[in-house]
Amino acid sequence: MSTQDKENTEMLRSGDTLHNPVTGERLVFHETAAETNGMYTIADCYVTADGAVAAPHVHPYQTEVFEVLYGKIGVKLGREKREAGAGEVIEIEPGVPHKFWNAGDDELAFRVSVNPSLEWERLIETMYTLAADGKTNKKGMPNPFRLAVIAKAHFDDVRLPVVPHSLQRVALAMGAPIGRALGYGPTYEPAAGIAATA
């Protein structure tokens, strides 16, 4: 096996860049959890013309703020769809189902603030690295058993919006041990020469 899962990763720092070639997202970090004592994370997110976040999701305990730098962002907040352009701000409160995409014809750039950080950075780094190593589907999602291990480890960071949380806990309690038995961990280290971090 040319890749391996790992339990711990190095902390991200200001200036670090993560790239997801599948979803067309690139993050450049300005302030990280390691630098803010976990209070918040701030990064610039660049999204290609056809790029979008992998799936609708909910952050149960975190507030996200998107400040559009240039381009046009499309956001689905619950059942409401919105678009915002340069200078506009979208705030996503904890518990609000959402997803975003590039709603324009050119690159989109927005500053994202995540408060508190929790393990958001580690989750993003794991998902982007899996995508960079070809371990996801065309939407940027890993296989269900690997995803169960990751989702169980990050249940305070992200959840599905349509399945009751109690049922998600039950499904993850069944799926994650199978994923672990298959050798999957909650983080991912790629084969040599493949990285999402620059």
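So that you can map any letter, position 63 of the sequence shown is 63 in this note's numbering, and since no number is skipped, the others follow by simple counting.
The C-beta atom is built at its ideal place from N, Cα and C for all residues, glycine as well.
Remember, predicted model here, so these are calculated numbers, not experimental data.
Roughly how many angstroms lie between the CA atoms of G104 and D16, to the nearest whole one? When rounded, the distance between both Cα atoms is 26 Å.
With respect to the alpha helix (DSSP H) encompassing L130, which residues constitute its N-terminal and C-terminal limits? Segment W120 to A132, the alpha helix (DSSP H) holding L130.
Once the 5 residues before and after P161 are set aside, which same chain residues still bring their CB inside 6 Å of it? Taken in chain order, the residues that qualify are P56, V58 and P97.
By Cβ distance below 8 Å, which residues in the same chain neighbour H154 in space, the five residues on each side in sequence not counted? Counting only residues of its own chain and dropping the five nearest sequence neighbours on each side, H154 has a CB closer than 8 Å to the CB of E119, R122, L123 and P186.
Could you tell me which residues DSSP pairs with T36 in its beta bridges? Beta bridge pairing from DSSP links T36 with no other residue.
If I follow the unbroken alpha helix (DSSP H) through H165, where does it start and stop? If you look at H165, you'll find it in the alpha helix (DSSP H) that goes H165 to A181.
Starting from the C-beta of T36, find all residues in its chain whose C-beta is less than 8 Å away, skip the five residues before and the five after it, and write them out in chain order. Excluding the 5 residues flanking it on each side, T36 has same chain C-beta neighbours closer than 8 Å at S117, in chain order.
Between the C-alpha atoms of Y188 and R26, what's the straight-line distance to the nearest angstrom? A direct Cα-to-Cα measurement between Y188 and R26 gives close to 18 Å.
Taking the straight line between their C-alpha atoms, what separation do you get for V22 and A49? The straight-line gap from Cα to Cα measures roughly 13 Å.
CA-to-CA distance, M39 to N137, given in whole angstroms: Between the C-alpha atoms of N137 and M39 there is a straight-line separation of about 33 Å.
Rounded to whole angstroms, what is the Cα-Cα separation between A171 and Q62? Distance between the alpha carbons of A171 and Q62: 23 Å.
Nearest-angstrom Cα distance between V75 and F145? Roughly 29 Å between the two C-alpha positions.
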